[in-house]
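In order, the protein sequences belong to chains A and B. Using the working numbering, the letters of the first sequence map in sequence onto residues 1 to 251. Using the working numbering, the letters of the second sequence map in sequence onto residues 252 to 609. Every residue gets a Cβ at the ideal spot worked out from N, C-alpha and C, and that includes glycine. Just so it is clear, the structure is predicted and the values come from calculations on it, not from any experiment.
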Amino acid sequence: MSDTMPIEDYLAQGGVLSSPANVPPRYRGELLRLMASFVDSELAGSAGFADTINDAPGIQERISAARIVLEKADHAGKVLRVMETFGADGGLYAVHHPWAERLSREADIGAARQGGDMRLSVFHYPLEGWVDAVVMNVLMGRASVVQLKELSRVSYQPLAEVFRAILPRETRHAELGIAGLVQIVDNEQSRASAKASVAYWYPRVAASFGHSGSARFETLSRFGLRHTPNETLLADWQAEVDAQLSALNLN
Amino acid sequence: MARFHPLTVTDVRRETRDAVVVTLRPADEDRAAFDFTQGQYLTFRRKFEDEELRRSYSICAGKDEGVLKVGIKRVDGGCFSTWVNETLKAGDTLEAMPPMGAFFTALEPEVSKHYLGFAGGSGITPVLSIIKTVLSREPRARFTLVYANRQISSIMFREELEDLKNLYLGRFSVLHVLESEAQEIDLFTGRIDGEKCAALFRNWIDIKSIATAFICGPEPMMLAIAAALREHGLRDDQIKFELFASSQPGRIRRKVEAVAGADQGATCEATVTLDGATRIFKFPKQGQSLLDAALENAMDAPYACKAGVCSTCRAKVIEGEAEMEVNHALEDYEVRQGYVLTCQCYPLTDRIVVSYDQ
Numbered sequence: 001m002s003d004t005m006p007i008e009d010y011l012a013q014g015g016v017l018s019s020p021a022n023v024p025p026r027y028r029g030e031l032l033r034l035m036a037s038f039v040d041s042e043l044a045g046s047a048g049f050a051d052t053i054n055d056a057p058g059i060q061e062r063i064s065a066a067r068i069v070l071e072k073a074d075h076a077g078k079v080l081r082v083m084e085t086f087g088a089d090g091g092l093y094a095v096h097h098p099w100a101e102r103l104s105r106e107a108d109i110g111a112a113r114q115g116g117d118m119r120l121s122v123f124h125y126p127l128e129g130w131v132d133a134v135v136m137n138v139l140m141g142r143a144s145v146v147q148l149k150e151l152s153r154v155s156y157q158p159l160a161e162v163f164r165a166i167l168p169r170e171t172r173h174a175e176l177g178i179a180g181l182v183q184i185v186d187n188e189q190s191r192a193s194a195k196a197s198v199a200y201w202y203p204r205v206a207a208s209f210g211h212s213g214s215a216r217f218e219t220l221s222r223f224g225l226r227h228t229p230n231e232t233l234l235a236d237w238q239a240e241v242d243a244q245l246s247a248l249n250l251n
Numbered sequence: 252m253a254r255f256h257p258l259t260v261t262d263v264r265r266e267t268r269d270a271v272v273v274t275l276r277p278a279d280e281d282r283a284a285f286d287f288t289q290g291q292y293l294t295f296r297r298k299f300e301d302e303e304l305r306r307s308y309s310i311c312a313g314k315d316e317g318v319l320k321v322g323i324k325r326v327d328g329g330c331f332s333t334w335v336n337e338t339l340k341a342g343d344t345l346e347a348m349p350p351m352g353a354f355f356t357a358l359e360p361e362v363s364k365h366y367l368g369f370a371g372g373s374g375i376t377p378v379l380s381i382i383k384t385v386l387s388r389e390p391r392a393r394f395t396l397v398y399a400n401r402q403i404s405s406i407m408f409r410e411e412l413e414d415l416k417n418l419y420l421g422r423f424s425v426l427h428v429l430e431s432e433a434q435e436i437d438l439f440t441g442r443i444d445g446e447k448c449a450a451l452f453r454n455w456i457d458i459k460s461i462a463t464a465f466i467c468g469p470e471p472m473m474l475a476i477a478a479a480l481r482e483h484g485l486r487d488d489q490i491k492f493e494l495f496a497s498s499q500p501g502r503i504r505r506k507v508e509a510v511a512g513a514d515q516g517a518t519c520e521a522t523v524t525l526d527g528a529t530r531i532f533k534f535p536k537q538g539q540s541l542l543d544a545a546l547e548n549a550m551d552a553p554y555a556c557k558a559g560v561c562s563t564c565r566a567k568v569i570e571g572e573a574e575m576e577v578n579h580a581l582e583d584y585e586v587r588q589g590y591v592l593t594c595q596c597y598p599l600t601d602r603i604v605v606s607y608d609q
């Protein structure tokens with residue numbers, strides 16, 4: 001069984017790679033970019049949510065917020081360890097951007113990355129208080145789950161395994177968000193501000209799914225690093241959160 | 252970054268005509284670093300004519316053997332594997348990084364599990380490590396191995412596998428599939444493809460009882476088996492892959508001579524290849540990195556941190572010379588081969604040829 005085949009064909013047919021030694025150069029670049037985007041988003045998400053701990057209205061909410069901050073940092077660390085096997089300096093990487101930094105609430109950056117900071121554009125916007133943070137967490141939490149389900153199928157097995165391990169915990173974060181939101185809509189005044197936050201965050205989270213018909217998607221799917229087009233993932237997310245929001249009478 | 256440690260070669264045993272098993276001993280202070288998990292591999296390095304080669308080989312010892320062993324099959328034109336097969340001897344020293352890889356599942360001594368392994372040729376090495384470890388550490392586990400080879404004489408570890416069958420009576424079974432040697436049962440002759448898998452799952456292997464399947468072999472075999480396993484109900488997280496070590500490039504690449512000549516200009520003409528497409532553009536030698544110049548010229552070059560840390564933007568300089576401002580990600584041997592972090596890369600010559608595809 002010494003017969004082999006070009007690695008590109010192997011990948012195109014759904015093959016799986018297992019170590020840095022067997023990834024081709026272009027695959028390597030796209031794989032690292034994908035990992036960097038995840039790590040930056042988790043670190044920025046964690047850093048942005050940290051202030052929310054002190055806005056929490058009760059012990060349980062404080063614990064939930066702290067847990068989200070802790071676990072998102074942990075998820076970044078897990079993927080960063082995979083990046084390290086490709087030579088990345090994890091120690092320097094973890095501190096090379098000011099992760100808590102945000103643009104202004106009104107900035108309009110669409111889906112654009114900012115310089116060498118690969119966080120999803122939605123993580124460049126600041127949170128404004130507890131209700132706003134909970135709404136963002138519900139919407140982005142669901143988006144993360146949709147995206148992680150997709151990423152759990154990546155053709156680089158060591159990374160797919162990390163994403164599969166992360167998925168249930170990110171799912172829990174989204175559920176914690178819903179639990180918080182249920183409390184919030186009990187009160188008419190906070191329901192109104194939740195509604196305003198939904199109007200603010202919904203299009204920004206939607207933009208994080210990227211463009212439809214993306215050329216990069218084509219490259220990534222050839223490598224087995226993506227499987228479902230951006231627009232399908234976006235539609236899945238919309239269906240899920242629209243149902244959740246209407247159950248709470250928020251859309 | 253992982254570091255290399257010296258390992259003493261204590262034995263080189265010929266396993267088949269073109270494969271040896273090398274036993275290695277770490278220095279006392281490195282013992283903990285080399286305490287491997289079953290199914291992991293070692294990455295070795297050695298200089299051949301001034302160029303450093305790195306090769307990864309799976310550990311074939313079980314956790315309870317108390318030694319470090321790798322099986323190395325000679326690959327046609329493979330510099331490292333040929334050297335090991337022909338020249339390496341007991342008493343020599345090899346340099347290796349601590350064990351890496353995730354081709355294993357957690358050991359659960361209390362649980363009764365049925366594992367299925369598929370190995371093609373020297374793909375047996377990590378699977379053998381797993382077999383020996385789970386049978387010894389998980390007393391209620393069973394293991395079924397489907398082992399593909401060209402012919403009987405090329406089967407690595409044939410005797411050791413027979414011994415394991417006797418040692419773990421009723422818990423370990425091997426099905427040998429030989430490509431070019433007829434056997435009593437037709438099913439065990441030829442290549443492992445989807446059809447053969449389906450037949451195996453019909454009459455020989457109860458696929459519903461399988462907790463985890465391990466596959467290690469060449470690409471076409473891995474694809475066929477993975478597809479068959481999925482078709483028969485295994486989930487992705489139940490299938491563990493290790494791609495054959497032989498898919499690593501075997502030959503030393505010739506060093507590219509730097510282009511001599513007057514390099515006085517303030518701009519550089521860059522020829523950059525990405526995804527098979529080549530673009531030529533001019534950019535200032537100072538003030539703008541090669542990556543930024545490529546991006547400005549509408550090339551979708553990969554990058555992430557832009558700080559010389561993550562290595563996403565790695566490319567190879569094929570002609571010309573360049574220097575990096577910062578490098579926290581590439582190792583010396585990669586730099587010697589011509590790799591650069593394009594986000595930190597500034598040309599020194601008037602012309603530079605760079606590829607993201609190599």
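Three-state class that DSSP yields for residue i in the structure shown
i               : result
K567 of chain B : strand
L120 of chain A : coil
C311 of chain B : coil
C594 of chain B : helix
N400 of chain B : strand
K149 of chain A : helix
H75 of chain A  : helix
A511 of chain B : Per-residue confidence for A511 of chain B stands at a pLDDT of 46, beneath the threshold of 50, marking its modelled position as unreliable; no derived number is given.
Q291 of chain B : coil
E302 of chain B : strand
E572 of chain B : coil
I443 of chain B : coil
Q489 of chain B : helix
T384 of chain B : helix
I323 of chain B : strand
F255 of chain B : coil
G368 of chain B : strand
C556 of chain B : coil
I406 of chain B : coil
R254 of chain A : The structure shown does not extend to residue 254 of chain A, since chain A spans only 1 to 251, so no value can be given for it.
Of the residues the options, the one placed nearest residue i, counting alpha carbons only
i               : options                        : result
M140 of chain A : A:R153, A:F209, A:A100, A:I166 : A:F209
F408 of chain B : B:T356, B:K324, B:A357         : B:K324
S380 of chain B : B:L420, B:L275, B:P350, B:T288 : B:T288
L358 of chain B : B:R388, B:T259, B:L429         : B:R388
Continuous alpha helix (DSSP H) stretch holding residue i: start and end
i               : result
L345 of chain B : Not the alpha helix (DSSP H): L345 of chain B falls in the beta strand (DSSP E), residues 344-347.
A160 of chain A : 157-184
G468 of chain B : That residue, G468 of chain B, is in no alpha helix (DSSP H); its beta strand (DSSP E) goes 461-468.
M35 of chain A  : 25-50
E585 of chain B : 583-587
The beta strand (DSSP E) enclosing residue i, as first and last residue numbers
i               : result
A357 of chain B : Where A357 of chain B is concerned, there is no enclosing beta strand (DSSP E), given that its DSSP letter is neither H nor E.
L275 of chain B : 270-277
R530 of chain B : 528-535
L426 of chain B : 423-429
L525 of chain B : 518-525
Short Cβ contact (8 Å threshold) for residue i with residue j
i               : j               : result
T524 of chain B : A552 of chain B : no
T522 of chain B : F534 of chain B : no
S41 of chain A  : L120 of chain A : yes
A76 of chain A  : S46 of chain A  : yes
Y597 of chain B : Q537 of chain B : yes
S144 of chain A : G224 of chain A : no
P390 of chain B : S309 of chain B : no
S540 of chain B : Q609 of chain B : no
T657 of chain B : S424 of chain B : Missing from the structure shown is residue 657 of chain B; chain B here goes from 252 to 609 and no further.
F492 of chain B : I443 of chain B : no
H173 of chain A : I68 of chain A  : yes
S606 of chain B : K567 of chain B : yes
T259 of chain B : L275 of chain B : yes
Where residue i falls, given that 16 or more other Cβ within 10 Å makes a residue buried
i               : result
A341 of chain B : exposed
L80 of chain A  : buried
E437 of chain B : For clarity, residue 437 of chain B is Asp in the given sequence; the question names Glu instead. Its Cβ having fewer than 16 others within 10 Å, D437 of chain B is exposed.
L610 of chain B : Past the boundaries of the shown model lies residue 610 of chain B; chain B is included only from 252 to 609, so the question cannot be answered.
D327 of chain B : exposed
Q660 of chain B : As displayed, chain B neither begins before 252 nor continues past 609, which places residue 660 of chain B out of reach and without an answer.
R486 of chain B : exposed
A384 of chain B : According to the sequence displayed, residue 384 of chain B carries Thr and not Ala. Buried, by the Cβ-count rule.
R505 of chain B : Because R505 of chain B sits at a pLDDT of 38, beneath the cut-off of 50, its placement in the model cannot be relied upon, and the point is left open.
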